[in-house]
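Residue numbers (this note's numbering): 3 to 291.
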């Protein structure tokens, strides 16, 4: 799916205001949103009646800072529609991953975290971009021919032309932080179950759990498409920011080249001065590497 993402001026339908707690400039892009959470101080603000009262306070942590350049307010133009990044959810996940090794295959337990960025169009259409230590993934909601959740046999398939595939990864995620706008109240500690299988791509099922009795209250299905860093930079960054990144990388490469050249020259001067002989090259390498 071709994606071009660029910066756009704030639309006239957006509502700009200052956070009552820390004075950070915030935006309500969707007039139907009831709440906006400040990413700077964690204040949850009631904007439904434009009272701008702080109704809840989160405690932002360094662990919850965005991993990349993506931020609330960035704009996208995707398939002829204008989108805006309006929210971010931070999740901690405990999961089991299927491992194929010599001997019997098995699941290994692990923990991790990931972010979900919500992009919303003027007509209400939403897209989700997922970000974790492995990279970036575009999540597209699907309507399965065979809707099913993970059972005890750990096999899944959503379409008639798919074979029943082993679940490659499954676990439980817990919401740890939220920023941006939302239409309903969200609480840290909200949980959901996740399971993924692979056949001509990666498919997943997500079961949102009730906060009280932990029963399944909502099920969603989607397909995941990986986006590499170069593609993400091309589609997401304006030219000015791309130039900054390019200059930083260039400066880093030149610094390494200068350091390597300085090491060679210094080693030569030490040998020439008679402090070390050419036969003690190992010592020179040990000192200057």
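Note that CB positions come from ideal geometry on N, CA and C, so glycine has one too.
Computed from a predicted model, the values in this text were never measured in an experiment.
Exercise for review: Can you check the stretch 33 to 76 for any beta strand (DSSP E) of at least 3 residues that lies completely inside it and give the ranges in chain order?
Suggested key: 37 to 39, 45 to 48, 55 to 59
Check your understanding: Looking at C-alpha atoms only, which residue of 83, 94, 171, 154 is the closest neighbour of residue 111?
Key -> Within the chain shown, numbered from 1, the residue matching residue 111 stands at position 109. Ranking 83, 94, 171, 154 by Cα distance to residue 111 puts 171 first.
Check your understanding: Around the C-beta of residue 30, are 16 or more other C-beta atoms found within 10 angstroms, so that it is buried, or is it exposed?
Key -> Here residue 30 refers to the residue found at position 28 of the chain shown. Residue 30 comes out buried.
Practice item. Can you tell me which of 143, 179, 226, 192 puts its alpha carbon nearest to the alpha carbon of residue 214? Key: Locating residue 214 in the chain shown gives position 212, counting from the first residue. Residue 192 is the option with its Cα nearest to residue 214.
Practice item. Answer with buried or exposed for residue 205, where buried requires no fewer than 16 other C-beta atoms within 10 angstroms of its C-beta. Key: Reading the chain shown from its first residue, position 203 is the one you call residue 205. With 16 or more Cβ atoms within 10 Å of its Cβ, residue 205 is classed as buried.
Check your understanding: How would you write the range of the beta strand (DSSP E) that residue 178 sits in, first residue to last?
Key -> Taking the first residue of the chain shown as 1, we reach residue 178 at position 176. Note, residue 178: beta strand (DSSP E), 171 to 184.
Check your understanding: Taking the alpha-carbon positions, what's the residue 48 to residue 165 distance?
Key -> Mapped onto the chain shown, residue 48 falls at position 46. Mapped onto the chain shown, residue 165 falls at position 163. The straight-line gap from Cα to Cα measures roughly 48 Å.
**Study point:** Same chain only: Cβ atoms within 8 Å of residue 159, ignoring 5 sequence neighbours per side
**Key:** As a first step, residue 159 is located in the chain shown; it is residue number 157 there, counting from the start. Within the same chain, residue 159 has close Cβ partners 148, 150, 165, 166, 167, 199, 201.
Check your understanding: Just checking my contact of residue 141 with residue 127 at CB under 8 Å: how many whole Å lie between their CB atoms?
Key -> Start at 1 with the first residue of the chain shown, and residue 141 comes out as number 139. Start at 1 with the first residue of the chain shown, and residue 127 comes out as number 125. Residue 141 to residue 127, Cβ: 14 Å. No contact.
**Study point:** Assigned secondary structure, residue 115 (DSSP; H/G/I helix, E/B strand, else coil)
**Key:** Here residue 115 refers to the residue found at position 113 of the chain shown. Reduced to three states, the DSSP call for residue 115 is strand.
Point to revise | Whole-Å CB distance - residue 152 paired with residue 89, under 8 Å assumed | key: Here residue 152 refers to the residue found at position 150 of the chain shown. Here residue 89 refers to the residue found at position 87 of the chain shown. Actually they are not in contact, since the Cβ atoms of residue 152 and residue 89 sit about 27 Å apart, beyond 8 Å.
Practice item. Evaluate the contact criterion for the stretch 178 to 185 versus the stretch 29 to 44: three or more CB pairs, one atom per stretch, below 8 Å. Key: yes
Exercise for review: For residue 274, collect the residues of the same chain with a Cβ closer than 7 Å to its Cβ; drop the 5 residues on either side in sequence, then sort them by chain order.
Suggested key: Along the chain shown, one-based indexing puts residue 274 at 272. Around residue 274: no qualifying Cβ.
Check your understanding: Once you ignore the five residues that flank residue 66 on each side, which residues in its own chain have a CB closer than 6 Å to its CB?
Key -> Within the chain shown, the letter at position 64 stands for residue 66. Closer than 6 Å at Cβ, skipping near neighbours: 92, 179.
Check your understanding: Below 7 Å between beta carbons: does that hold for residue 216 and residue 210?
Key -> Residue 216 sits at position 214 when you count from the first residue of the chain shown. Residue 210 sits at position 208 when you count from the first residue of the chain shown. The answer is no: Cβ separation not under 7 Å.
Review point. Rounded C-beta distance between residue 68 and residue 117? I'm assuming under 8 Å.
Key: Along the chain shown, read from residue 1 onward, the residue named residue 68 stands at position 66. Along the chain shown, read from residue 1 onward, the residue named residue 117 stands at position 115. Between residue 117 and residue 68 the Cβ distance is about 7 Å, and since that is below 8 Å, they are a contact.
Review point. To the nearest angstrom, how far is it from the Cα of residue 45 to the Cα of residue 21?
Key: One-based indexing of the chain shown puts residue 45 at position 43. One-based indexing of the chain shown puts residue 21 at position 19. Straight-line Cα distance between these residues: approximately 8 Å.
Exercise for review: Tell me where the beta strand (DSSP E) around residue 17 begins and ends.
Suggested key: Indexing the chain shown from 1 puts residue 17 at position 15. It spans 17 to 20 - the beta strand (DSSP E) in which residue 17 sits, taken as one unbroken run.
Review point. On the three-state DSSP scale, how would you describe residue 82?
Key: Along the chain shown, one-based indexing puts residue 82 at 80. The answer is coil: DSSP assigns residue 82 none of H, G, I, E or B.
Check your understanding: So residue 141 is in the beta strand (DSSP E); what residue range does that whole segment cover?
Key -> As a working note, residue 141 is residue 139 in the chain shown. From DSSP, the beta strand (DSSP E) with residue 141 extends over 137 to 143.
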